[in-house]
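J.: Here it is, the structure, as structure tokens.
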């Protein structure tokens, strides 16, 4: 990806704003990282419907992120844009008790950064393909 080929959330809203009025609804619990907007367009099929925009690159949503990823290799990642992970497979294979597994999960969650790096170095710092990360 590149910033010159990315359509920002602002550009999406501005384009829709030519045709409709948009009222922010914010995040919806349990509905992923999108921010939602209610479409107001009296007399149009879109009136009253909502649109969700996932804006990870152009408008950080880290403050509301409730996602972690478990890789196919057993690594628990707190952020898609960070290569850091806790090796839960190693914990499980070592015969650890449940408390040690819980400690590993907590370690990953407490390591969750305040903000991602999607906008740095051409799209983040992760060096793995999405399919291996679980994204």
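Residue numbers (this note's numbering): 4 to 138.
In this text, a Cβ means the ideal position worked out from N, Cα and C, and glycines have one as well.
A quick note: this is a predicted structure, and the numbers were derived from the prediction, not measured.
1) Per DSSP, residue 43 forms a beta bridge with which residues?
2) For residue 80, list the residues DSSP reports as bridge partners.
3) Beta strand (DSSP E) containing residue 55: first to last residue?
4) Could you check the C-alpha separation between residue 76 and residue 104 for me, to the nearest Å?
5) Per DSSP, what are the beta-bridge partners of residue 90 in this structure?
6) Let me check understanding here. Comparing Cα to Cα, which of 100, 99 and 87 lies closest to residue 113?
7) Among 102, 89 and 57, which residue has its Cα nearest to the Cα of residue 13?
8) Tell whether a beta-carbon distance below 8 Å holds between residue 43 and residue 23.
9) Rounded C-beta distance between residue 60 and residue 9? I'm assuming under 8 Å.
10) Quick one: residues in its chain with C-beta nearer than 8 Å to the C-beta of residue 110, no 5 flanking neighbours on either side, listed in chain order?
11) Alpha carbon to alpha carbon, what distance is there between residue 26 and residue 84?
12) Please list the terminal residues of the continuous alpha helix (DSSP H) segment that includes residue 109.
T.: Put simply:
1) In the DSSP output, where bridge partners are listed per residue, residue 43 has 24.
2) Looking at the DSSP output, residue 80 bridges to 72.
3) First-last of the beta strand (DSSP E) with residue 55: 53-56.
4) Cα-Cα distance, rounded: 16 Å.
5) Answer is 78, bridged to residue 90.
6) Distances from the CA of residue 113 to each of 100, 99 and 87 were compared; the closest alpha carbon is that of 87.
7) With distances taken between Cα atoms, residue 13 lies closest to 57.
8) When the beta-carbon positions are compared, residue 43 and residue 23 come within less than 8 Å of each other.
9) Rounded to whole angstroms, the Cβ separation of residue 60 and residue 9 is 6 Å, and the two are in contact under 8 Å.
10) So the qualifying residues of the chain are 89.
11) Distance between the alpha carbons of residue 84 and residue 26 is about 30 Å.
12) For residue 109, the uninterrupted alpha helix (DSSP H) run begins and ends at 101-113, by DSSP.
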